[in-house]
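To start, the structure under review is shown below, and the notes come after it.
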Amino acid sequence: MPRQAIVAPRTGISALSPRYQVGAVAALAVVAVAVCAHLGLVFLHVAPSNTLTKQHGEAVDEWVFPEFEQNWKLFAPNPLQQNVSVQLRAEVSTADGAIRTTGWYDLSAEDGRDIDGNPLPSHTQQNELRRAWDFFVATHDSDDRPVGLRGTLSEDYLRRIAVLRLDRNDAAGPGGAVQRVQYRSRTTNVEPPSWSGEKVSGRPAYRELPWWPLAAGGKEGDAA
4 MPRQAIVAPR TGISALSPRY QVGAVAALAV VAVAVCAHLG LVFLHVAPSN
54 TLTKQHGEAV DEWVFPEFEQ NWKLFAPNPL QQNVSVQLRA EVSTADGAIR
104 TTGWYDLSAE DGRDIDGNPL PSHTQQNELR RAWDFFVATH DSDDRPVGLR
154 GTLSEDYLRR IAVLRLDRND AAGPGGAVQR VQYRSRTTNV EPPSWSGEKV
204 SGRPAYRELP WWPLAAGGKE GDAA
């Protein structure tokens, strides 16, 4: 008596009916095209200026910003050689009507402590303060005056960060309110390797911004 051949059961897409097989293949094709398009746009964003980025730079930026922004370049011949620490202090009205000025809060150090030992630090912990400060510096002149509308926007952004950080540190205290805030940066040179023979100053350089008033209740407001 002849033996019947054992047919292995179908798995994966082949187990679907022809109609569903066509749908699955089409869906996979759409996903593959979307992934390739995304990778191509991100590559153009980080690549040096070329013909494609000059012709389609606006479309690339619209896709990349702000969700897929890449804070690095494909070629970086000039790595950062300075450490910049952003610090903040506040003028607070206390519950008894007195006015006091807090000490300087080292916000960069606080972020560093939050990241240290954290295997999955958030994007906010890593980049919010640093990018906000870079945004401010890029949109202000040497006298700390805003250049264009983006300069004013960068100040508002730093104000919001100040309110959140001061609240987290309970700077106002019970019944108190933050009236004004002041930022400064502390810049130090990175020590060169011993074999380089290069000499750099070890003294920190400070950039101190003017006081910015906040609205009543310690919320961000327009500068006077």
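Using the numbering used here, the letters of the sequence shown map in sequence onto residues 4 to 227.
Backbone N, C-alpha and C fix where the C-beta goes; we use that ideal spot for every residue, glycine too.
If you're wondering where the values come from, they're calculated on a predicted model, not measured in any experiment.
Notebook entry, point to check: What is the C-beta distance between L42 and V67, in whole angstroms, given that I count them as a contact (C-beta under 8 Å)?
Noted result: Incorrect: roughly 12 Å between the Cβ atoms, too far for contact.
Item checked: Supposed close pair R230, Y108 - CB separation, criterion 8 Å -> Residue 230 is absent from the structure shown; the chain starts at 4 and stops at 227.
Item checked: Cβ distance (whole Å) where A98 is taken to contact P177 below 8 Å -> 6 Å
Notebook entry, point to check: Less than 7 Å separating the beta-carbons of E211 and R183?
Noted result: no
Next item on the list: Out of F46, I118 and W136, state which residue places its alpha-carbon closest to the alpha-carbon of S88.
Entry: W136
Item checked: D173 burial status per 10 Å Cβ neighbour count (16 or more: buried) -> exposed
Checklist line | Pairwise C-alpha distance: A50 and Y23 | finding: 40 Å
Notebook entry, point to check: What residues match up with V95 in a beta bridge as DSSP calls it?
Noted result: R103 and V181
Check: From G106 to E61, what distance separates their C-alpha atoms?
Finding: 44 Å
Item checked: Limits of the beta strand (DSSP E) - the one that R210 falls within -> A208 to E211
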